[in-house]
Structures are given as structure tokens and as C-alpha cells.
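Numbered by our numbering, the letters in the sequence shown go through residues 213 to 548 in order.
One structure is given below, encoded as C-alpha cells.
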Amino acid sequence: MTDRVQAALVGCGAIAELHRWAIEESGAPIDIVAAVDVDPARAAAMAAATGATAYTSLEDAIASGTFDAVDLMLPHHLHEAITLRCFEAGLHVLLEKPMAPSLDACDRIVAAAAQAATVFMVAENAQYWPEVVTATRLVAEGAIGEVVTARACAFIPPLADFYGGEDPWRFDPVQAGGGLAIDTCSHWLRPLRMLLGEVVEVVGELGHPFPGMRTESLVRSLVRFESGVVASLDALLTSATLAPEVLFRITGSEGEITVEAAGTCTLTTREHRRGLVVGEAAGYLMSYPGEFVDFAAAVLHGTPPAATAAHSLGELRTALALYRSADTRRWENVWE
Ligand SMILES: NC(=O)c1ccc[n+]([C@@H]2O[C@H](COP(=O)([O-])OP(=O)(O)OC[C@H]3O[C@@H](n4cnc5c(N)ncnc54)[C@H](O)[C@@H]3O)[C@@H](O)[C@H]2O)c1
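Written as C-alpha cells, this is what we have:
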């Protein structure tokens with residue numbers, strides 16, 4: 213074991229570029245030594261940006277024996293097979309969310325991780341979102357009294373890197389396992405779980421307003437937490453020009469905490485009627501570096517990460533319960 217993680221980036225698409233940046237930005241002791249993608253141009257571009265060796269085959273990359281960890285950034289239907297192969301090879305695994313589109317596949321991944329006894333983390337960057345971390349601290353300190361309700365809103369534009377091209381895999385229920393509920397909503401639900409505790413049940417409606425997208429591009433839902441608090445969780449993919457938005461609004465008996473798209477966390481109370489910005493303005497992108505600091509510490513020092521891989525099943529199970537709810541038109545239990 214060296215004092216730096218030797219890592220392969222597997223899947224050199226849209227999120228890989230953000231991961232490359234975040235690894236550098238975080239200063240985490242991680243060397244990117246292999247760039248793997250079935251698309252030779254993508255593997256080559258990532259290799260050129262990092263000094264890594266490019267591979268178009270994961271098997272060839274594993275055979276090189278040059279890395280002890282992989283960062284898997286692949287379409288959802290590939291998560292299970294490739295994660296299992298990496299555990300079989302004795303590698304540490306950072307896997308992009310969702311762990312897999314079905315709970316059966318997740319069970320098999322968790323079992324393989326236990327057998328490999330290497331580090332397994334699911335890359336839920338929202339766990340490290342600076343304004344959310346600040347808001348969570350404020351709630352815990354009682355800054356707004358007792359939490360009464362909360363609203364989370366993920367209205368997003370179709371960025372070309374993620375939604376561009378001819379019929380992207382995200383539009384296909386087979387490859388993606390679902391739309392915004394299983395994908396983007398995880399980054400809004402994790403903060404709600406940090407702020408409000410564990411989720412219990414969900415009810416909601418789904419829609420398909422985005423042209424060509426066969427998975428849901430509209431989510432309107434209510435989520436009940438163990439505390440009894442009910443929060444709304446909404447998401448929309450839209451080409452419309454979006455007005456300035458509040459991403460999270462947590463309302464308590466004594467005031468409100470808001471997280472704005474501009475990268476601020478604001479506390480509004482009787483004492484701060486015009487709103488007090490708490491902490492440095494950071495923004496959503498600054499949620500990524502923290503996951504690499506955590507992953508490297510887990511690999512090198514055995515430090516437990518901020519959240520276990522199994523914890524990410526809370527977001528996946530909520531999405532699956534929401535899909536059931538859209539059919540039954542009833543509240544659905546997340547954990548049944
Ligand atoms: N945390 C976040 O904020 C965030 C944001 C976007 C995507 N994601 C997640 O990241 C993952 C990837 O999403 P993306 O938007 O980067 O997708 P993408 O389509 O841009 O990239 C996926 C890449 O995988 C490559 N690939 C496909 N099959 C392969 C194989 N067998 N071996 C190696 N490479 C292969 C493709 O050629 C492509 O370059 C998904 O799990 C997604 O949910 C997370």
C-alpha cells in the first residue's frame with residue numbers, strides 16, 4: 213500500500229470530467245492512473261487530461277495491475293456487472309449513484325463488497341454539499357426551533373453533457389431504470405435525510421413533459437419522515453428559462469433556513485428578519501470534492517466515510533416507492 217490511492221476512472225463521460233476536477237480541487241491523495249471507456253475518444257481525452265493510460269477494455273485495465281481503486285461512472289444498467297467484476301479483482305470501489313436500478317442487484321453488490329472486504333462507497337456528493345452541511349448544523353443547533361416542514365426543489369435545465377446527443381441512455385427506462393426520481397432526486401433527498409432524519413413513506417405523481425424522454429421528467433411528491441414531518445420533493449427537467457430558485461426551504465417554529473441556487477445558506481428569524489447568510493458562498497459544484505477526501509481516507513486509513521454505501525439505498529428505495537405510488541395513487545412505504 214502506497215500513501216496515495218492509485219485509481220482508474222471507468223466511464224469517461226459527463227460526470228467523469230467533474231470527478232477529475234473534484235479530485236484535483238480536493239487535494240485528496242488520489243492518482244488517476246487509468247482512464248477506461250468503450251469509446252476510445254473519451255478514454256483518450258481523459259488520459260490526456262490526467263496523464264493516465266487509456267483503455268477501451270476494463271479487463272485490459274485490470275490486467276495492467278496498476279491501480280487498487282476504481283471510480284465507476286456508467287449508465288445504471290451496467291452498475292451491477294462492472295461493480296461485481298471490480299470486487300472480484302479485489303479493488304476498492306467508488307460507485308456513482310444509484311447503486312443499481314433494482315434492490316435485487318443492490319443485494320448482490322452489497323454481498324460482493326462484503327466478500328471482497330475492500331472499501332465500497334456510493335458517490336452521493338450531496339452528503340458533502342457545503343450549504344446543506346451548514347443548514348444541517350443550524351437545524352441541529354435549534355436555530356429555527358422545531359422543524360415544521362420543508363421543501364426541496366430540483367428544477368434543472370437539460371445540460372448538453374448529460375442530456376445531449378441522440379436518444380441518451382437517461383431517456384431509456386431499461387438503461388436508466390427511471391428518470392429524475394431515481395437520478396437527480398437523490399441529490400435533493402439526501403439533504404432532506406440529513407436535515408429531517410430517516411424517510412418513512414412517499415406519495416407522488418410523475419410526468420413526462422420533456423420531449424423524447426421516456427423516463428419521468430417531472431416529479432411532484434410528498435415525503436414523510438420518522439419525526440412525522442412531511443416535506444415536498446419536486447423535480448423537473450425543462451428547457452424553459454428558470455427564475456431564480458430556492459433549492460431547499462426548511463421552516464421551523466422560529467424561522468426558516470433556505471439554500472439558494474446561488475450557493476448560499478440563509479437564516480431568517482425574528483433576529484435576522486432580512487436573512488443572515490451563514491458560511492461562505494460555495495454552491496452545488498463544491499459538493500463533489502468532499503467525496504474524494506472521504507474515499508481516499510477510507511482506502512488509505514480505514515476511516516469510515518460520512519455515509520455508508522447501504523445508506524444510499526434510502527434514496528433508491530424512495531424512488532422505487534414513488535414509482536409504486538404513481539401507479540397505486542397511495543402513500544407507499546419506503547422500506548417494505
Ligand atoms: N453525482 C452526480 O451529480 C451525477 C451527475 C451525473 C451523473 N451521475 C451518475 O454517473 C453515472 C454516469 O453518468 P454520466 O452522465 O457521466 O453518463 P455518460 O453517458 O456521460 O458517461 C458514461 C460513460 O460510460 C461509458 N461506457 C459505457 N459502457 C462502458 C463499459 N462497459 N466500460 C467502460 N465505459 C463504458 C460511455 O461510453 C460513457 O462515456 C450514472 O450513474 C449517473 O447517475 C452522477
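Note that the Cβ used here is the ideal one computed from N, Cα and C, for glycine as well.
- Item | Presumed contact (8 Å Cβ cut-off) between residue 372 and residue 400, rounded CB distance | Here residue 372 is taken as the residue at index 160 of the sequence shown, counted from 1. Here residue 400 is taken as the residue at index 188 of the sequence shown, counted from 1. No, residue 372 and residue 400 are not in contact; Cβ-Cβ is about 22 Å, not under 8 Å.
- If you draw a straight line from the alpha carbon of residue 244 to that of residue 264, how long is it in whole angstroms? In the sequence shown, residue 244 corresponds to position 32, counting from 1. In the sequence shown, residue 264 corresponds to position 52, counting from 1. Each residue's Cα considered, the two are about 6 Å apart.
- Query: Which residues share a DSSP beta bridge with residue 496?
  - Reply: Along the sequence shown, read from residue 1 onward, the residue named residue 496 stands at position 284. Answer by DSSP bridge pairing: none, since residue 496 is not bridged.
- Query: Would you call the CB atoms of residue 392 and residue 449 closer than 9 Å?
  - Reply: In the sequence shown, residue 392 corresponds to position 180, counting from 1. In the sequence shown, residue 449 corresponds to position 237, counting from 1. The answer is yes: Cβ separation under 9 Å.
- Whole-angstrom C-beta distance between residue 281 and residue 307, which should lie under 8 Å: Translated into the one-based positions of the sequence shown, residue 307 becomes position 95. Translated into the one-based positions of the sequence shown, residue 281 becomes position 69. Rounded, the Cβ-Cβ distance is 11 Å, inconsistent with contact.
- Given a threshold of 16 other Cβ atoms within 10 Å of its Cβ, counted over all protein chains shown, does residue 423 qualify as buried or as exposed? Walking along the sequence shown from the start, residue 423 turns up at place 211. It counts as exposed.
- Item | residue 341, buried or exposed, once every other Cβ within 10 Å from all chains shown has been counted against 16 | Your numbering for residue 341 matches position 129 in the sequence shown. Residue 341 should be labelled buried.
- By Cβ distance, which residues of its chain are closer than 7 Å to residue 292, with the 5 residues on each side in sequence left out? By 1-based counting over the sequence shown, the position of residue 292 is 80. Contacts found: 312, 317, 320, 321.
- Message: Between the alpha carbons of residue 385 and residue 427, how many angstroms are there, rounded?
- Response: Your numbering for residue 385 matches position 173 in the sequence shown. Your numbering for residue 427 matches position 215 in the sequence shown. Cα to Cα, residue 385 sits roughly 6 Å from residue 427.
- Item | CA nearest to the CA of residue 336, picked from 329, 357, 402, 328 | As a first step, residue 336 is located in the sequence shown; it is residue number 124 there, counting from the start. By alpha-carbon distance to residue 336, the top candidate from 329, 357, 402, 328 is 402.
- Along the chain, where does the alpha helix (DSSP H) that runs through residue 449 open and close? Against the sequence shown, residue 449 aligns to sequence position 237. Looking at the DSSP string, residue 449 is not in any alpha helix (DSSP H); the run it does join, the beta strand (DSSP E), is 442-449.
- Query: Per DSSP, which one or two residues make a beta bridge with residue 283?
  - Reply: Working through the sequence shown from its first residue, we reach residue 283 at position 71. Partner(s): 221, 306.
- Please go through the segment 499-534 and give each complete alpha helix (DSSP H) segment of 4 or more residues, from N-terminal end onward. 501-513
- If you measure from the CB of residue 300, is any heavy atom of ligand 1 nearer than 8 Å? Counted from its first residue, the sequence shown places residue 300 at position 88. Result no, Cβ not under 8 Å from ligand 1.
- Task: Give me the Cα-Cα distance between residue 355 and residue 259, rounded to the nearest whole angstrom.
- Result: Along the sequence shown, one-based indexing puts residue 355 at 143. Along the sequence shown, one-based indexing puts residue 259 at 47. Spanning the two alpha carbons is a distance of roughly 47 Å.
- Query: From the DSSP output, which residues share a beta bridge with residue 243?
  - Reply: In the sequence shown, residue 243 corresponds to position 31, counting from 1. Answer is 218.
- Item | Same chain, Cβ closer than 6 Å to residue 206, neighbours up to 5 away in sequence not counted | Here the chain comprises residues numbered 213 to 548, so residue 206 is not present and cannot be evaluated.
- In terms of alpha-carbon separation, which member of 436, 294, 268 lies closest to residue 546? On the sequence shown, residue 546 is found 334 positions in, with the first residue counted as 1. For the residues 436, 294, 268, the minimum Cα distance to residue 546 belongs to 436.
- Note the first and the last residue of the continuous beta strand (DSSP E) segment covering residue 437. Translated into positions along the sequence shown, residue 437 becomes position 225. Unbroken beta strand (DSSP E) run through residue 437: 430-437.
- Query: Do you know offhand how far residue 269's Cα is from residue 247's?
  - Reply: In the sequence shown, the residue the question calls residue 269 occupies position 57. In the sequence shown, the residue the question calls residue 247 occupies position 35. Whole-angstrom Cα-Cα distance: 10 Å.
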